[in-house]
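A.B. asks: Below is a structure I'd like to ask you about.
Protein chains in written order, with full-length UniProt numbering: chain A, 1 to 206; chain B, 1 to 206; chain C, 1 to 206.
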């Protein structure tokens with residue numbers, strides 16, 4: 001039951017990430033195939049990268065076909081109904097924050113289980129959460145938005161670091177929910193209050 | 001004899017893909033080293049990515065030096081004789097379609113042999129066929145052409161899916177030729193008839 | 001003692017590479033997080049890629065936290081003091097040449113130890129030296145500078161090839177210093193004398 005719940009959470013996160021990939025594809029006027037690939041890479045790229053780096057091959061995303069079908073179907077739906085989906089940008093941003101929280105915590109725990117120390121596990125948790133979006137932006141030939149426009153990675157790293165500490169210390173399982181909560185709430189506050197990360201000294205935010 | 005034949009086919013596909021990488025380098029006015037790297041990555045990138053994802057390391061391309069020498073020499077020749085090679089664009093497109101057919105089938109079979117299910121194997125077959133070209137375009141700082149301008153991936157996925165089914169069901173070996181044929185013919189028809197994939201609803205093809 | 005010395009050399013190379021990543025981030029007006037990620041990927045990307053390709057997972061950079069802390073701290077320092085660091089471009093280029101020499105030799109030796117032949121090991125040594133910078137430029141949405149503007153990879157390949165031969169033949173350990181020296185001196189001569197690699201026939205250097 002608990003495993004089912006985790007799988008559902010994971011697939012929801014993948015679907016939301018995939019929808020952001022498909023929306024970027026629509027805005028760049030890519031064809032339906034471009035939307036499918038961008039959606040799948042955005043949804044799965046971070047987890048696949050983590051699995052490669054800890055030697056968990058084939059990656060989970062290739063062993064259970066639901067991990068391939070969910071982002072593919074999501075991307076196709078977003079492609080065909082993009083005027084409707086595009087109007088739901090606020091809702092997607094909220095769901096995306098939830099996906100961020102799930103991915104950073106799940107990634108950090110999986111990396112720590114694979115034997116990495118707390119700091120390295122937190123870095124891999126961060127990579128799980130942001131890797132897919134970075135690949136999406138590189139394939140769309142643009143500088144990743146999280147490098148400049150969005151406070152996105154700091155909440156993910158905070159959640160991942162807390163989760164790695166919880167796993168290392170064997171704290172009760174409720175602490176994982178707290179780690180997810182830290183990332184999600186911080187990200188949502190950044191969105192609603194317009195928080196951004198510091199620019200280089202001497203630079204004006206255009 | 002049959003293994004030799006397969007190796008030759010594989011090296012021909014790698015050489016053709018490498019020549020497209022070197023031509024992109026020439027058009028971007030990169031230097032001879034840029035042409036060598038773009039050629040090698042275009043020729044070998046898809047197969048290396050597949051091998052990483054199924055845990056077949058070191059990848060085949062690093063174990064047999066012919067896999068490194070063929071795309072390097074091809075890229076150098078294209079670089080120095082690019083005015084001549086550039087005029088052979090039609091012939092290169094036909095050979096490229098053949099490379100696409102070989103790679104998607106070989107990639108799907110190798111992934112299925114590694115224990116992936118039919119659908120995941122087909123996805124990896126597709127990735128084998130298009131991964132190198134995607135890396136080429138990312139390194140040339142442009143959105144991959146197969147995301148927008150070319151009907152390229154759908155034939156590759158069809159061929160890969162058929163090959164994975166053939167391998168799964170143990171059908172006679174001639175079916176692999178059929179899978180290659182599906183991808184090649186579909187791709188050539190797309191080229192000669194100008195078939196393209198659907199754009200997002202509401203978008204005009206510029 | 002010797003191992004400590006090698007570790008120090010390796011960390012110095014990583015720090016210098018990381019500082020080039022952070023400087024690119026500052027010039028692109030990325031935020032502090034973008035500078036950290038670009039710095040870490042530039043410093044560690046080549047070695048991580050090599051480790052993935054020879055199956056040495058988790059990569060060394062994730063097993064010893066010093067490999068994560070050094071480029072992160074370097075990138076943060078460069079970000080905050082970029083006007084000062086930016087004026088040290090000449091010194092950074094010299095240190096970068098030293099990093100290039102260390103990385104190409106260390107990478108080739110590690111790849112040859114993993115069982116690759118001399119030529120493949122040299123290619124991986126090259127990849128170790130240039131992989132991080134290529135990732136930096138891709139993430140900054142530009143064509144890698146080493147594909148066009150800088151004679152950078154040829155010295156690295158020469159050093160890597162010599163190192164792989166030395167390892168293969170079991171020559172005395174001083175030869176590794178010679179391999180580093182070949183790469184460093186060649187690179188510095190290219191910098192000071194403006195040597196560049198050939199462009200495609202018929203192309204003017206703009």
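We put the CB at the ideal spot given by N, CA and C, even for glycine.
Could you check where the alpha helix (DSSP H) with residue 73(A) kicks off and where it finishes?
C.D. replies: By one-based count along the first chain, residue 73(A) stands at place 73. Residues 66–80.
A.B. asks: When the Cα of residue 133(B) is compared with those of 5(B), 13(B) and 9(B), which residue comes out closest?
C.D. replies: Stepping through the second chain from its first residue, residue 133(B) is reached at position 133. When only C-alpha atoms are compared, the closest one is 13(B).
A.B. asks: Quick one: complete beta strand (DSSP E) runs, 3+ long, within the stretch 5–58 of chain C?
C.D. replies: none
A.B. asks: Note down, in chain order, all residues in the stretch 56–86 of chain B with a beta-carbon under 8 Å from any beta-carbon belonging to chain A.
C.D. replies: none
A.B. asks: Curious, which full-length alpha helix (DSSP H) runs of at least 4 residues does the stretch 120–194 of chain A contain?
C.D. replies: The qualifying runs are 153–169 and 174–193.
A.B. asks: What are the boundary residues of the alpha helix (DSSP H) that residue 196(B) is part of?
C.D. replies: In the second chain, counting from the first residue as 1, residue 196(B) sits at position 196. Run containing residue 196(B): none; DSSP gives neither H nor E here.
A.B. asks: Taking only the alpha-carbon atoms, compute the straight-line gap between residue 106(C) and residue 87(A) and give it to the nearest angstrom.
C.D. replies: Numbered from 1 along the third chain, position 106 holds the residue referred to as residue 106(C). Numbered from 1 along the first chain, position 87 holds the residue referred to as residue 87(A). Using only the alpha carbons, I get a separation of about 52 Å.
A.B. asks: Please determine if the stretch 37–48 of chain A and the stretch 73–93 of chain A are in contact, where contact requires at least 3 C-beta pairs separated by less than 8 Å.
C.D. replies: yes
A.B. asks: With 8 Å set as the bound, which would you pick, yes or no: does the beta-carbon of residue 202(C) sit closer than that to a beta-carbon of chain B?
C.D. replies: Residue 202(C) sits at position 202 when you count from the first residue of the third chain. Output row for residue 202(C): interface = yes.
A.B. asks: How many Å lie between residue 100(B) and residue 182(C) at the Cα?
C.D. replies: Taking the first residue of the second chain as position 1, residue 100(B) is located at position 100. Taking the first residue of the third chain as position 1, residue 182(C) is located at position 182. One C-alpha to the other measures close to 41 Å.
A.B. asks: Apart from the five residues just before and just after residue 180(C), which ones in its own chain have a Cβ nearer than 7 Å to its Cβ?
C.D. replies: The residue given as residue 180(C) occupies position 180 in the third chain. Around residue 180(C): 101, 102, 105 and 159.
A.B. asks: On the three-state DSSP scale, how would you describe residue 1(C)?
C.D. replies: Here residue 1(C) is taken as the residue at index 1 of the third chain, counted from 1. In this prediction, residue 1(C) scores a pLDDT of 47, lower than 50, which makes its location untrustworthy; the coordinate-derived value is nonetheless stated afterwards. Residue 1(C) falls in the coil class under three-state DSSP.
A.B. asks: Along the chain, where does the alpha helix (DSSP H) containing residue 62(A) start, and where does it finish?
C.D. replies: In the first chain, counting from the first residue as 1, residue 62(A) sits at position 62. Counting along the chain, the alpha helix (DSSP H) containing residue 62(A) begins and ends at 60–63.
A.B. asks: By how many angstroms is the C-alpha of residue 162(B) removed from the C-alpha of residue 147(C)?
C.D. replies: Start at 1 with the first residue of the third chain, and residue 147(C) comes out as number 147. Start at 1 with the first residue of the second chain, and residue 162(B) comes out as number 162. Each residue's Cα considered, the two are about 39 Å apart.
A.B. asks: Could you give the distance in angstroms between the alpha-carbon of residue 177(A) and the alpha-carbon of residue 6(A)?
C.D. replies: Here the question's residue 177(A) lines up with position 177 in the first chain. Here the question's residue 6(A) lines up with position 6 in the first chain. Taking the straight line joining both Cα atoms gives about 12 Å.
A.B. asks: So residue 101(C) is in the alpha helix (DSSP H); what residue range does that whole segment cover?
C.D. replies: Mapped onto the third chain, residue 101(C) falls at position 101. For residue 101(C), the enclosing alpha helix (DSSP H) has its first and last residue at 89–113.
A.B. asks: Residues of the stretch 13–39 of chain A with a CB closer than 8 Å to any CB of chain B: list them in chain order, please.
C.D. replies: 25, 26, 28, 29, 30, 31, 32, 33, 34, 35, 37 and 38
A.B. asks: Going by beta-carbon coordinates alone, are residue 70(B) and residue 139(B) separated by less than 8 Å?
C.D. replies: Translated into the one-based positions of the second chain, residue 70(B) becomes position 70. Translated into the one-based positions of the second chain, residue 139(B) becomes position 139. No, these two residues do not count as a Cβ contact at 8 Å.
A.B. asks: Can you grab the Cα-Cα spacing for the pair residue 26(B) / residue 46(B), in whole Å?
C.D. replies: Locating residue 26(B) in the second chain gives position 26, counting from the first residue. Locating residue 46(B) in the second chain gives position 46, counting from the first residue. Computed Cα separation, rounded: 22 Å.
A.B. asks: For residue 110(C), is the classification buried or exposed, using 16 other Cβ atoms within 10 angstroms of its Cβ as the cut-off for buried?
C.D. replies: Taking the third chain and counting its residues from 1, the one referred to as residue 110(C) is at position 110. By the 10 Å Cβ count, residue 110(C) comes out buried.
A.B. asks: Is the stretch 188–195 of chain C touching the stretch 113–123 of chain C in the sense that three or more CB pairs, one from each, lie closer than 8 Å?
C.D. replies: no
A.B. asks: Taking all protein chains shown into account, decide if residue 50(C) is buried (16 or more other Cβ within 10 angstroms of its Cβ) or exposed.
C.D. replies: Counting from one through the third chain, the residue named residue 50(C) turns up at place 50. Looking at its Cβ environment, which holds 16 or more other Cβ atoms inside 10 Å, residue 50(C) is buried.
A.B. asks: Between the Cα of residue 164(C) and those of 126(C), 31(C), 203(C) and 90(C), spot the shortest distance and give me the residue it belongs to.
C.D. replies: By 1-based counting over the third chain, the position of residue 164(C) is 164. Of all alpha-carbon atoms in 126(C), 31(C), 203(C) and 90(C), the one lying nearest the alpha-carbon of residue 164(C) is that of 126(C).
A.B. asks: Short of 6 Å in beta carbon distance, which residues of its chain neighbour residue 85(B), apart from the five on each side in sequence? Order them along the chain.
C.D. replies: The residue you call residue 85(B) lines up with position 85 of the second chain. Excluding sequence neighbours, residue 85(B) sits near 78.
A.B. asks: Is residue 144(B) buried or exposed, if buried means 16 or more other CB atoms sit within 10 Å of its CB?
C.D. replies: Walking along the second chain from the start, residue 144(B) turns up at place 144. When all chains shown are included, residue 144(B) counts as buried.
A.B. asks: Going by the beta-carbon positions, is the gap between residue 153(B) and residue 130(B) smaller than 8 Å?
C.D. replies: Taking the second chain and counting its residues from 1, the one referred to as residue 153(B) is at position 153. Taking the second chain and counting its residues from 1, the one referred to as residue 130(B) is at position 130. In this structure, the beta-carbon distance from residue 153(B) to residue 130(B) falls below 8 Å.
A.B. asks: Closer than 6 Å by C-beta to residue 184(B): which residues in its own chain qualify, once you throw out the five before and the five after it? Chain order, please.
C.D. replies: In the second chain, the residue the question calls residue 184(B) occupies position 184. Hits under 6 Å: 97, 98 and 101.
A.B. asks: Can you give me the C-alpha to C-alpha distance between residue 63(B) and residue 167(B), rounded to a whole angstrom?
C.D. replies: Position 63 of the second chain, counted from the first residue, corresponds to residue 63(B). Position 167 of the second chain, counted from the first residue, corresponds to residue 167(B). Whole-angstrom Cα-Cα distance: 25 Å.
A.B. asks: If you drop the 5 nearest sequence neighbours on each side, which residues of the same chain put their C-beta closer than 8 Å to that of residue 52(C)?
C.D. replies: Translated into the one-based positions of the third chain, residue 52(C) becomes position 52. Taken in chain order, the residues that qualify are 59.
A.B. asks: Mind checking residue 157(A): buried by the 16 CB within 10 Å criterion, or exposed?
C.D. replies: Here residue 157(A) is taken as the residue at index 157 of the first chain, counted from 1. By the neighbour-count rule (16 or more Cβ atoms within 10 Å), residue 157(A) is buried.
A.B. asks: Determine whether the beta carbon atoms of residue 112(B) and residue 23(B) lie at a separation below 8 Å.
C.D. replies: On the second chain, position 112 is the one that residue 112(B) refers to. On the second chain, position 23 is the one that residue 23(B) refers to. Contact flag unset, no.
A.B. asks: If you draw a straight line from the alpha carbon of residue 142(C) to that of residue 141(B), how long is it in whole angstroms?
C.D. replies: The residue labelled residue 142(C) in the question sits at position 142 within the third chain. The residue labelled residue 141(B) in the question sits at position 141 within the second chain. For residue 142(C) and residue 141(B), the distance between alpha carbons rounds to 6 Å.
A.B. asks: Please classify residue 203(B): does DSSP put it in a helix, a strand, or coil?
C.D. replies: In the second chain, the residue the question calls residue 203(B) occupies position 203. Three-state DSSP puts residue 203(B) in coil, outside helix and strand.
A.B. asks: Would you please verify whether the beta carbon of residue 114(B) is less than 8 Å from any beta carbon of chain A?
C.D. replies: What you label residue 114(B) is simply residue 114 of the second chain in a count that begins at 1. Yes, because at least one Cβ of chain A sits closer than 8 Å to the Cβ of residue 114(B).
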